[in-house]
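Numbering of the sequence shown is given in the numbering used here, commencing with residue 16 and proceeding in unit increments.
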Amino acid sequence: MEMTSLSNVIRSTKNVSIAREIGIKPLYQRTRVRETRQELAKEEAEFEQIQEKAEAKAAQLIEEAQAQATAIEKKMESKQAELEQQWEKARLKAEQEGYDAGFTAGESQAKAIYESTIAEAKQVLEEAQAAAALKVDKEQPLLIELACAIAEKVIGVSIAEDPYLQNLVRAALAEVRDHAFVKLYVPPHWYKRLVACVDELQGAIPACEDFQLIPDGQLQDDHCFIVTNAGRMDASLPTQIEQLKKQLHEAARCGSFAKAH
């Protein structure tokens, strides 16, 4: 009788443990989903703030450029009106004097005034253009930083979807497409999403004879690296954004140099 009761107690304890395990797992999953949604909402809010700053800065530059153009246009109109008045005065003076020499002198004077005014107007326009170009050059580093920050946020949110993650990885693999030995190390959660398309990824490296996709638990969410027979290459998202930023700064510097010469 006592042995039967002990068996019932053991069986009852096991049932309680199983029920507790089944009850805890859905709760953990719901909590993880809620945390992921909160993280995505935070990233979207940060992205919107960066985008608003970029749009505000662009609007400010456009407004300033329009104001400069309006000021130049008004000054040109004023000079043109002044030129027409001086031309008319010279013509009337020559007619009143009534002799050819006087008329010729008046005409020459009006022509000289016209040429001087046109030259001054051109100088004003060139100075305004130079000032506008200098302002744009001065603002370029900030605009590049904002553009890269927006790009990083957009890509960071986009790689939450499998097609964007695959495209990002294929672009990185294309940099080592001529190597025969390629190992791609990715975070574990990337590995779960990429392992099913290993053949497609290998299509980006046609010369590769030995391609391996390897999960690395020490890598951060947006980091990965590639090992080839030639060495190791950092293919992480922050590294790619930094390279893009350097290329944009270099292009801007070369563009400014070319304009100056």
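Where a beta carbon is used, it is the ideal one built from N, C-alpha and C, also for glycine. Computed from a prediction, not measured in an experiment: that's the story for all the values here.
{"Check": "Under 8 Å, do residue 330 and residue 243 count as touching if we go by C-beta distance?", "Outcome": "With the chain represented from 16 up to 276, any question about residue 330 goes unanswered, as that position is not in the structure."}
{"Check": "Determine the burial state of residue 235: buried for a count of at least 16 other Cβ atoms within 10 Å of its Cβ, exposed for fewer.", "Outcome": "exposed"}
{"Check": "Just tell me which of 93, 263, 180, 238 has its CA closest to the CA of residue 211.", "Outcome": "180"}
{"Check": "Grouping DSSP H, G and I as helix and E and B as strand, with all else coil, what is residue 228?", "Outcome": "strand"}
{"Check": "Of the residues 94, 97, 200, which one's Cα is nearest the Cα of residue 233?", "Outcome": "200"}
{"Check": "Between which two residues does the alpha helix (DSSP H) holding residue 193 run?", "Outcome": "Counting along the chain, residue 193 falls outside any alpha helix (DSSP H), and DSSP gives it neither H nor E."}
{"Check": "The beta strand (DSSP E) that contains residue 249, what's its start and end?", "Outcome": "246–249"}
{"Check": "Which residue from 208, 197, 218 puts its Cα closest to that of residue 241?", "Outcome": "197"}
{"Check": "In chain order, what residues of the same chain have a beta carbon less than 7 Å from the beta carbon of residue 141, not counting five sequence neighbours either side?", "Outcome": "none"}
{"Check": "Do residue 219 and residue 247 have their CB atoms nearer than 8 Å?", "Outcome": "no"}
{"Check": "Please report how far the alpha carbon of residue 134 lies from the alpha carbon of residue 83, in whole angstroms.", "Outcome": "19 Å"}
{"Check": "Can you check which of these residues, 245, 222, 208, 221, is closest to residue 229 by C-alpha distance?", "Outcome": "208"}
{"Check": "How many Å lie between residue 231 and residue 237 at the Cα?", "Outcome": "12 Å"}
{"Check": "So the beta strand (DSSP E) residue 213 belongs to, where does it begin and stop?", "Outcome": "Note, residue 213: premise wrong, no beta strand (DSSP E); alpha helix (DSSP H) at 213–217."}
{"Check": "With residue 209 as the anchor, note down where its alpha helix (DSSP H) starts and where it stops.", "Outcome": "203–209"}
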